[in-house]
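I have placed the structure first, in the form of structure tokens, so that the comments after it can refer back to it.
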Amino acid sequence: MKGLGILEPVSSTDIGEKKVTLFKLLDIYWTVFDILGVCDFGYVPRSVGTMEELLEIICAATGWRTTWFELMQVGERSINMARIFNYREGFTSKDDTLPEVFYQDFKGGSLDGQGAINKKDFKKAIRLRYELMGWNPDTGIPTSAKLTELG
15 MKGLGILEPV
25 SSTDIGEKKV
35 TLFKLLDIYW
45 TVFDILGVCD
55 FGYVPRSVGT
65 MEELLEIICA
75 ATGWRTTWFE
85 LMQVGERSIN
95 MARIFNYREG
105 FTSKDDTLPE
115 VFYQDFKGGS
125 LDGQGAINKK
135 DFKKAIRLRY
145 ELMGWNPDTG
155 IPTSAKLTEL
165 G
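Under this note's numbering, the first residue of the sequence shown is numbered 15, with each subsequent residue one higher.
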């Protein structure tokens with residue numbers, strides 16, 4: 015994912031600052047694909063298409079001269095709109111959790127006794143995600159400043 019500045023892998027078991035920062039970036043990136051109606055598999059790392067080629071396709075199909083910076087802003091707007099919609103419908107930060115099975119080690123196989131996500135670490139990661147997204151760190155609601163920034 016060189017186009018996004020992601021040059022090194024992060025451990026699958028890491029849920030610290032680096033992983034949360036990358037998650038924010040990739041969440042926005044994949045949201046752009048959802049908005050465009052583009053198949054994710056054509057543009058995953060080591061895929062057939064590049065980010066630059068996708069920009070060329072967008073320009074050819076629409077006549078729009080856009081940049082990845084602009085597309086990422088559109089993705090971020092979409093995520094924030096969904097967050098506000100879900101809040102209006104009664105979802106809160108308490109809903110930002112995982113099923114209990116994710117907090118338990120694997121049973122059997124090569125990862126027997128490993129793999130459980132620490133609940134305290136997960137809650138820290140969620141709070142950090144809120145902060146990185148420009149959301150209230152306690153409630154997960156986008157701040158007025160973030161909404162103003164996104165237009």
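Think of the CB as a built atom: it goes at the ideal place given N, C-alpha and C, for glycine as much as any other residue.
Quick caveat: nothing in here was measured; it's all calculated off a predicted structure.
Alpha helix (DSSP H) segment containing residue i, residue limits
i      : result
Thr45  : Glu31 to Leu50
Thr162 : Ser158 to Leu164
Buried or exposed by the 16-neighbour rule on C-beta atoms within 10 Å, applied to residue i
i      : result
Trp149 : buried
Val246 : Not covered by the structure: residue 246. The range shown for the chain is 15 to 165.
Val115 : exposed
Pro156 : buried
Leu125 : exposed
Glu103 : exposed
Through-space distance from residue j to residue i, alpha-carbon basis
i      : j      : result
Lys137 : Asn100 : 20 Å
Cys53  : Thr81  : 19 Å
Ile45  : Glu145 : A quick correction: the sequence has Thr, not Ile, at residue 45. Cα-Cα distance, rounded: 19 Å.
Gly56  : Met65  : 10 Å
Glu163 : Ser92  : 13 Å
Asp28  : Gly19  : 19 Å
Ile71  : Arg79  : 10 Å
Ala75  : Phe105 : 37 Å
Lys32  : Gly77  : 37 Å
Tyr23  : Val34  : Position check: residue 23 holds Pro in this sequence, whereas Tyr was assumed. If I take the Cα positions, the gap works out to 13 Å.
For residue i, the nearest candidate out of the options (CA to CA)
i      : options                          : result
Ala96  : Ile131, Gly154 and Asp28         : Gly154
Gly30  : Ala159, Ile131, Glu90 and Pro113 : Ile131
Leu40  : Ser25, Gly17 and Asp28           : Gly17
Val88  : Glu70, Leu50 and Glu103          : Leu50
Glu84  : Ile42, Gly129, Lys32 and Glu22   : Ile42
Leu36  : Pro151, Leu161 and Leu142        : Leu142
Asn94  : Lys38, Val24 and Val34           : Lys38
Asp48  : Ser26, Cys73, Val24 and Met86    : Met86
Asp152 : Ser25, Glu90 and Asp109          : Asp109
Cβ-heavy atom distance, residue i to the ligand SAM, below 8 Å
i      : result
Phe116 : With respect to the ligand SAM, the structure shown offers nothing to examine, as it has no ligands at all.
| field | Minimum length 4: unbroken alpha helix (DSSP H) runs contained in the stretch 60-94 | value | 65-76
| field | Any alpha helix (DSSP H) of 4 or more consecutive residues that is wholly inside the stretch 88-147 | value | 133-147
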